[in-house]
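The numbering used here numbers the first residue of the sequence shown as 1 and each following residue consecutively. All C-beta atoms, glycine included, are put in the ideal place defined by N, C-alpha and C.
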Amino acid sequence: MCPRLQVLPYTQPFDLDFVYQETLSNHPDYDFSPYMKFGGIANTHTISAALINLIVMGSAALAPCLGFRWRSQTLATLDRFRNSLSAQTIMQFRALVQVGF
């Protein structure tokens, strides 16, 4: 069974007025004036937010594929130039390339 990759988050709209009123009722003596300049959180249901999520999802899915391709090409190049490198250099370079894969 292939594991499912879920990268795209779904965020519900925020009710900032409710949160502010609830915080005021729980902490009436707290000074909120430094935080009133904060504009809140942008709407996540716009076309730009969907585009950003799509780019992030694509990047997260493609990054391992690109890393594997880079690693394969690098190891193939190392094998091609095996005669011009010392055994220790080849061993160290293979260890460097294979870290994390």
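Pick from the options that is closest to residue i, judged by C-alpha positions
| i | options | result |
| --- | --- | --- |
| Gln-73 | Leu-16, Val-97, Ala-61 | Val-97 |
| Tyr-35 | Tyr-20, Ile-47, Pro-28 | Tyr-20 |
Cα-Cα separation, residue i to residue j
| i | j | result |
| --- | --- | --- |
| Ala-56 | Ala-49 | First, the amino acid is wrong: residue 56 is Val here, not Ala. C-alpha separation (whole angstroms): 11 Å. |
| Ser-84 | Phe-68 | 25 Å |
| Thr-89 | Asn-53 | 42 Å |
| Thr-46 | Ser-59 | 20 Å |
| Ala-87 | Cys-65 | 29 Å |
| Arg-71 | Pro-28 | 58 Å |
| Phe-93 | Leu-51 | 39 Å |
| Leu-62 | Arg-82 | 30 Å |
| Asp-15 | Asp-79 | 59 Å |
| Glu-22 | Ser-33 | 16 Å |
| Met-91 | Leu-75 | 11 Å |
| Phe-18 | Ala-95 | 55 Å |
| Lys-37 | Leu-24 | 16 Å |
Neighbourhood of residue i by C-beta distance below 7 Å, restricted to the same chain and skipping five residues each side
| i | result |
| --- | --- |
| Pro-3 | Confidence is the limiting factor: at Pro-3 the pLDDT is only 48, short of 50, which leaves the residue's position unreliable, though a coordinate-based value still follows. Excluding positions up to five away in sequence, the list is empty. |
Extent of the continuous alpha helix (DSSP H) run through residue i
| i | result |
| --- | --- |
| Asp-79 | 47-80 |
| Arg-23 | The identity of residue 23 in the sequence shown is Thr, whereas the question assumes Arg. Note, Thr-23: alpha helix (DSSP H), 16-26. |
| Met-36 | Counting along the chain, Met-36 falls outside any alpha helix (DSSP H), and DSSP gives it neither H nor E. |
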